[in-house]
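Following: one structure in structure tokens, then a few remarks.
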Amino acid sequence: MKVAILAIGRAGRGPEAELAADYAARATAAGRPLGLGPLDLVDLEPRKPGKGPEAELILTAAEGSHLIACDERGKTYSSRTFADHIARLRDRGERRLVFAIGGADGLDASVLATARSTLAFGPQTWPHALARAMLAEQLYRAVTILAGSPYHRD
58 MKVAILAIGR AGRGPEAELA ADYAARATAA GRPLGLGPLD LVDLEPRKPG KGPEAELILT
118 AAEGSHLIAC DERGKTYSSR TFADHIARLR DRGERRLVFA IGGADGLDAS VLATARSTLA
178 FGPQTWPHAL ARAMLAEQLY RAVTILAGSP YHRD
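Heads up: the sequence shown runs through residues 58 to 211, numbered per the working numbering.
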């Protein structure tokens, strides 16, 4: 199952972007034997401002995928439960799993309505570049949990 993080805006060249790219590369390498990957980081740049144009880009890029919307009001998972959720999606034959991170004003209602589920990193609001890195790390952690690696400790 291919996995992608779709994010509005550019990650830039800072440490958060490097961290996200590093975890994406790790998840890709460790996930392939498990049928997970590659993990792609996709930056989406709308031509017009606002949640509507952002939603169009996200929904077009996620078409035909199992879409999970990252939203502060979303569902929280333990790392192990998150890994199990991803494994269930893979095992039931999902071909592509996409996580959507919205712009500064969050995700449009149309993205939330289209998403099959939501994901939150708690009730706080996180900078977008850091959210990418956190999500990439959790996806890497999920892969290592499924592989039986000692990276994750309960």
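We put the beta carbon where it would ideally sit given N, CA and C, even for glycine.
{"query": "Exposure of Glu75, with buried meaning 16 or more beta-carbon neighbours within 10 Å", "result": "exposed"}
{"query": "For Ala204 and Ala157, the rounded distance between their alpha carbons", "result": "25 Å"}
{"query": "Three-state secondary structure (DSSP) of Leu164", "result": "coil"}
{"query": "Range covered by the beta strand (DSSP E) that runs through Arg153", "result": "Arg153 to Ile158"}
{"query": "Where the beta strand (DSSP E) through Thr175 begins and ends", "result": "Ser174 to Leu176"}
{"query": "CB of Ala190 within 8 Å of CB of Phe178, strictly", "result": "no"}
{"query": "Rounded straight-line distance, which links the Cα of Ser136 to that of Pro110", "result": "32 Å"}
{"query": "Cutoff 7 Å; reference His185; Cβ partners in own chain excluding five residues on either side", "result": "Ala64, Gly66 and Ile158"}
{"query": "Beta-bridge pairing of Asp100 - partner residues as DSSP gives them", "result": "Ala64"}
{"query": "Per-residue DSSP class, three states only, for His209", "result": "coil"}
{"query": "Residues near Lys108 in its chain [Cβ-Cβ closer than 6 Å; skip 5 each side]", "result": "Asp162 and Asp165"}
{"query": "Which residues DSSP lists as bridging Leu146, in chain order", "result": "Leu146 is not bridged to any residue."}
{"query": "First and last residue of the uninterrupted alpha helix (DSSP H) at Leu114", "result": "Lys108 to Ala118"}
{"query": "Buried/exposed call for Gly160, threshold 16 Cβ in 10 Å", "result": "buried"}
{"query": "Nonlocal neighbours in the same chain, by C-beta distance under 6 Å from Gly94, ignoring five residues either side", "result": "Thr85 and Gly88"}
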